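Enquirer: Take a look at the following structure, please.
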Amino acid sequence: MNAANSTLLGGGGVDGAIHDAGGSAILDECKEIRRSDYPDGLPTGQAVITTAGSLPARYVIHTVGPVYGANKKDQAELLGNCYRNSIRFAADNSLGSIAFPSISTGAYSYPRDEAAAISSVAIRESIAETGLSEVRLVFHSAGDMKVFLDNCKF
C-alpha cells in the first residue's frame, strides 16, 4: 500500500498468499484503512495492522518494503523501519510473537545479503526496546536462510 504500488492490495508474492489464505476480511479492512487513512497508499517503511481473517493468527501486520534502487539514500533506513514498525505494532497489541518473510528481497530486488544485515539489526534493536518475546523469520528456501545466517548481525 504505497504510491509505488498503490493499486496493489493483495497482490503477488507473500502479500498475495496472505490475502488468498486469509480471505476477503483482510482485503476489506485494507481497503478501509486506505480509504480513511492512506488514500495515496501506505508510505514505504510504515505499517498497519488488520484482522487475520481465516489465518491461524489474531492479526496481520502489513508493511511496504522499499524497491531496491528507487531511493538509494534512504532505502536501508526504510527497510529497517518495516521491521521496527511491525514489531512496535506487535508489542503495542500485546502479541507474543511475530513472523516475517524477507521483506523486499523478491519482486523488489533488495539484495538478500544487504537485507539480512539491515533486518537483523532492526529486529535485535526492536526486541530490546519492546520486549517482544518471539520473532520468527520465514524464508523461501534453505539457500535464502543460509544467506541470512551468513550476513545477520545478531
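In terms of my numbering, the sequence shown is residues 7 to 160. Every residue, glycine too, gets a C-beta built ideally from N, C-alpha and C. Only a predicted model underlies this, so the values are computations on that prediction, with no experimental measurement involved.
Give me the Cβ distance between SER92 and THR69, rounded to the nearest whole Å; I'm assuming they're in contact under 8 Å.
Expert: Counting from 1 along the sequence shown, the entry for residue 92 is found at position 86. Counting from 1 along the sequence shown, the entry for residue 69 is found at position 63. With a Cβ gap of about 5 Å, SER92 and THR69 count as contacting.
Enquirer: Report the three-state DSSP secondary structure of PHE106 (helix, strand or coil).
Expert: Counting from one through the sequence shown, the residue named residue 106 turns up at place 100. DSSP places PHE106 in strand when its eight states are reduced to three.
Enquirer: Answer yes if the segment 96-107 comes into contact with the segment 137-147, meaning at least three C-beta pairs across the two stretches below 8 Å, and no otherwise.
Expert: yes
Enquirer: Under 8 Å Cβ to Cβ from ARG40, same chain only, skipping five residues before and after it: list those, please.
Expert: The residue given as residue 40 occupies position 34 in the sequence shown. Closer than 8 Å at Cβ, skipping near neighbours: MET7, LEU15, GLY47, LEU48.
Enquirer: Where DSSP assigns a beta bridge to ALA53, which residues make up the other side?
Expert: For this step, residue 53 is matched to residue 47 along the sequence shown. DSSP lists THR69 as partners of ALA53.
Enquirer: Please list the segments of the alpha helix (DSSP H) lying wholly inside the segment 78-132, counting only runs of 4 or more residues, in order along the chain.
Expert: Taking only runs of at least 4 residues, the alpha helix (DSSP H) segments lying wholly in the segment 78-132 are 81-98.
Enquirer: Check LEU155 in the structure and name its three-state DSSP category.
Expert: The residue given as residue 155 occupies position 149 in the sequence shown. The answer is helix: DSSP assigns LEU155 an H, G or I state.
Enquirer: Around the Cβ of PRO72, are there at least 16 other Cβ atoms within 10 angstroms (buried) or fewer (exposed)?
Expert: Numbered from 1 along the sequence shown, position 66 holds the residue referred to as residue 72. When all chains shown are included, PRO72 counts as buried.
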